[in-house]
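A.B. asks:
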Amino acid sequence: MVDVGGNTGIDISRVLEKHPDLPKGSLVLHDLLDVIVNAQVDEKVTAMAHDFFLPQPVKGSRAYFMHAVLHDWPDDKARLLLENTKDAMVKGYSKLLVYDIVLPPTGASIS
Numbered sequence: 001m002v003d004v005g006g007n008t009g010i011d012i013s014r015v016l017e018k019h020p021d022l023p024k025g026s027l028v029l030h031d032l033l034d035v036i037v038n039a040q041v042d043e044k045v046t047a048m049a050h051d052f053f054l055p056q057p058v059k060g061s062r063a064y065f066m067h068a069v070l071h072d073w074p075d076d077k078a079r080l081l082l083e084n085t086k087d088a089m090v091k092g093y094s095k096l097l098v099y100d101i102v103l104p105p106t107g108a109s110i111s
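All residue numbers for the sequence shown refer to full-length UniProt numbering, where the first residue is 1 and numbers rise by one.
Quick look at the structure:
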């Protein structure tokens with residue numbers, strides 16, 4: 001599983017807590033270098049600096065996970081991020097998992 005834009009690794013660490021038998025290297029944390037240097041994750045998690053507007057370097061992962069990522073970007077940037085992820089996925093095997101806030105186009109509030 002690749003945690004795309006995963007910040008310091010809270011979500012991917014929770015995955016490892018629930019599945020401690022996962023082998024080293026099966027969980028990958030991606031974010032920008034200045035974020036990754038502050039990540040304190042288990043040695044089983046591979047922390048990699050990566051700009052998600054560039055091609056996804058981890059090809060063929062079982063899952064690509066995005067938590068609170070897409071809502072931060074205008075449509076053209078979100079599309080680029082999704083295309084980069086899609087290009088790394090294997091049809092019929094890889095899954096895209098999105099955990100984000102969905103709001104109507106106008107008059108919305110999250111409070």
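All residues carry an ideal CB built from backbone N, CA and C; glycine is no exception.
Between which residues of its own chain and glutamine 40 is the CB-CB distance below 8 Å, once the five residues before and five after are set aside?
C.D. replies: Thr8, Gly9.
A.B. asks: Since alanine 49 contacts leucine 32 with CB under 8 Å, what's their CB separation in whole angstroms?
C.D. replies: 6 Å between Cβ atoms; contact.
A.B. asks: Where DSSP assigns a beta bridge to methionine 48, which residues make up the other side?
C.D. replies: In DSSP, methionine 48 forms a bridge with His30.
A.B. asks: Check this for me: beta carbons of lysine 66 and aspartate 42, under 9 Å apart or not?
C.D. replies: Going by the sequence as given, residue 66 is methionine instead of lysine. No; because the gap between Cβ atoms is not below 9 Å, this pair is not in contact.
A.B. asks: List, from N- to C-terminal side, the beta strand (DSSP E) runs of 3 residues or more that fit wholly inside the UniProt domain "O-methyltransferase C-terminal" (1-104).
C.D. replies: Counting only runs of 3 or more, we get 27-31, 45-49, 63-67, 95-99.
A.B. asks: Roughly how many whole angstroms lie between the Cα atoms of proline 20 and valine 28?
C.D. replies: Each residue's Cα considered, the two are about 15 Å apart.
A.B. asks: Relative to the C-alpha of lysine 86, which candidate in Ile36, Ser13, Val58 has its C-alpha closest?
C.D. replies: Comparing Cα positions, the closest option is Val58.
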